[in-house]
Structures are given as structure tokens and as C-alpha cells.
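Worksheet: one structure, shown below.
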Amino acid sequence: MSTWRDERNQKARARLEKRLSALFPGCVLAHALRQPLIPPTQRRAVESYWRHRPLMADRLARALAARSGQPAGWQWRLGRDKENGLAASFRVPPAPYREAAFARGPGHCCVCGQSVYRLGWHCDLWDDGKPNRNATWHAACVVAWQFWTAPPDHLRMLKLRQQRRCATTGRRLLKTAEVDHRVPLFAVWSEHRTRPWPELLAFWGAPNLQVINKTAHLEKCADEAAERAKRRMLDADIRIEEEWAAPLADGNPIPISG
Ligand SMILES: [Zn+2]
Numbered sequence: 518m519s520t521w522r523d524e525r526n527q528k529a530r531a532r533l534e535k536r537l538s539a540l541f542p543g544c545v546l547a548h549a550l551r552q553p554l555i556p557p558t559q560r561r562a563v564e565s566y567w568r569h570r571p572l573m574a575d576r577l578a579r580a581l582a583a584r585s586g587q588p589a590g591w592q593w594r595l596g597r598d599k600e601n602g603l604a605a606s607f608r609v610p611p612a613p614y615r616e617a618a619f620a621r622g623p624g625h626c627c628v629c630g631q632s633v634y635r636l637g638w639h640c641d642l643w644d645d646g647k648p649n650r651n652a653t654w655h656a657a658c659v660v661a662w663q664f665w666t667a668p669p670d671h672l673r674m675l676k677l678r679q680q681r682r683c684a685t686t687g688r689r690l691l692k693t694a695e696v697d698h699r700v701p702l703f704a705v706w707s708e709h710r711t712r713p714w715p716e717l718l719a720f721w722g723a724p725n726l727q728v729i730n731k732t733a734h735l736e737k738c739a740d741e742a743a744e745r746a747k748r749r750m751l752d753a754d755i756r757i758e759e760e761w762a763a764p765l766a767d768g769n770p771i772p773i774s775g
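Take the sequence shown: its position 1, counting from 1, is numbered 518 in the working numbering, and each next residue is one higher.
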């Protein structure tokens, strides 16, 4: 087995080193050569580097987004029409630069809005002086997006970050522990959606993620469901009051007849 792997790795290393550009990031090369199966191309090496560092990719993507800022006239909206690039659910992070109206075009990352350079890198290491016109994602932003939209896939890394302790009870995390958003995403949509865009992304990133044991998670979900039900009832009360109050300019509701 190891002979097969050794042979494969020798070939992959030779292929990678043959095409290696002089300015290829040293940290990525060092990562690639440490892998049990060495990636045979520079692109695969970059992808592997970020895939193994989702927390760093999350931080970088949010920092790049902060550099772009929120486009003028943009607000977080949901939609059903795929053409305009709006997401149908508040579970998907808001992404103005994925929307047709605000997209910056080829050579720019659709997640953070910044220029994409060779190999999906986020800075112009090669001094090309222009973005890569064929790219619309940073290699780091691909991983950040996967992390934001499917955090349970990163359970192991998130557990390690908490020294395998439950974030709510402090007890040891069990095998059935689950990833949870501290501020639930429905509350992000209902209470925080007018916050500036790069700041909003933190609700999907590491600052709002925690791993908790299943029983603690069930309790939290039940509390949240009760809170949502209470809020729906309050909203309904307000709507009823508004309906009664609206026809009269002085604010006195119309008396119920009969
Ligand atoms: Zn990006």
C-alpha cells in the first residue's frame, strides 16, 4: 500500500515542482508537501490549503468583504427568481455581489467583491497588475461559503476549538453533539437584517457558531420555538390593533357592533 502511495506522491511532487511559479506562496507549498496524498498541481494545492483551514477562510472572506463594503442602494432581500441572484431563504448568507444588480463581473469574487488573482488567490503575488478574468471566486471564499452554508460538515474542527466542551453546559461534548447558531438565523433575519452587510456575515461565521450537546440543543430549539410563537402572537395583536385603528384619524378603534 505504502509503495503505491510513495510512487504516486513522487510523481505528484515532481509534477507540482516542475510547474511551480517562483512566487507561489510558501505556506501553500509546505502544506501540500505534508499531505498524505500530495496535490499534483498548484491549483489543487491552493484548494487543499483552504479546505484544511475553514476558520481562517471564514475570517479572510469576512475581512475581504469589509474591504468591499456594502454596495450603495443594496439591502438584504429574499427572492424566488434565480435570475436576480437573490436567495430564497434567510439560511443563505446575504451576498450582494452575487446579485445581478451589484455583481462586479469576471475577475471579481462573487462572495466578497474583491479582485481574484492567479489560482484564485486574494492578492496579486505575481504582480500581474490585473485580476484573473476567468475567475469569479477566491479559493478561500469557496471554503468560507461552504463553511457558512453547511457548518455541520466542520463539526470536528468546531469541537476542537471548544476543547470538546459543550458551549452551554460546559460538560464534555458527546458524539451526538450538534452545531448551533448562537443567534438563530430566523432572528438574524427578523431583528438584524438592516445591519451593514459585511457585519451581517459574522452571523454565519465562527463568531456565531457553537457546538452543544443534543439535549442542550433540543432545549434551546424549544425555547426559540416558544419565542417565535410568542412573537407571532404579538405581531398578530399589533396587526389587529392596526386594522381597527387605521380607519379613524384620531386613533380610536371602530367599536365592535353586535
Ligand atoms: Zn472572495
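Beta carbons: idealized from backbone N, C-alpha and C, even for Gly.
{"Query": "Using a threshold of 7 Å, is the CB atom of residue 628 nearer than that to any non-hydrogen atom of ligand 1?", "Result": "yes"}
{"Query": "Where do the N-terminal and C-terminal ends of the alpha helix (DSSP H) with residue 548 fall, by residue?", "Result": "543–551"}
{"Query": "What residues match up with residue 682 in a beta bridge as DSSP calls it?", "Result": "689"}
{"Query": "Taking all protein chains shown into account, do 16 or more other C-beta atoms lie within 10 angstroms of the C-beta of residue 697, making it buried, or fewer, making it exposed?", "Result": "buried"}
{"Query": "For residue 520 and residue 536, what's the separation of their Cα atoms in angstroms?", "Result": "25 Å"}
{"Query": "If you follow the beta strand (DSSP E) that residue 727 is part of, which residue opens it and which one closes it?", "Result": "726–729"}
{"Query": "Between which two residues does the alpha helix (DSSP H) carrying residue 575 extend?", "Result": "571–585"}
{"Query": "My understanding is that residue 704 touches residue 729, with C-beta atoms under 8 Å, so please give their C-beta distance in whole angstroms.", "Result": "About 17 Å separates the two Cβ atoms, so there is no contact after all."}
{"Query": "Using only alpha-carbon positions, find the residue among 570, 529 and 578 that is nearest to residue 559.", "Result": "529"}
{"Query": "Three-state secondary structure (DSSP) at residue 698?", "Result": "strand"}
{"Query": "Could you tell me the alpha carbon to alpha carbon distance between residue 523 and residue 638, rounded to whole angstroms?", "Result": "29 Å"}
{"Query": "Regarding residue 581 and ligand 1, is the C-beta to nearest heavy atom distance less than 7 Å?", "Result": "yes"}
{"Query": "Given 7 Å as the limit, tell me if residue 658 has its C-beta closer than that to any heavy atom belonging to ligand 1.", "Result": "yes"}
{"Query": "Contact between the stretch 591–598 and the stretch 571–578: three or more CB pairs below 8 Å?", "Result": "no"}
{"Query": "What's the call for residue 671, buried or exposed, on a 16-neighbour Cβ count within 10 Å?", "Result": "buried"}
{"Query": "Where do the ends of the alpha helix (DSSP H) carrying residue 665 lie?", "Result": "656–666"}
{"Query": "Report the rounded CA-to-CA distance for residue 740 versus residue 723, giving the unit in angstroms.", "Result": "23 Å"}
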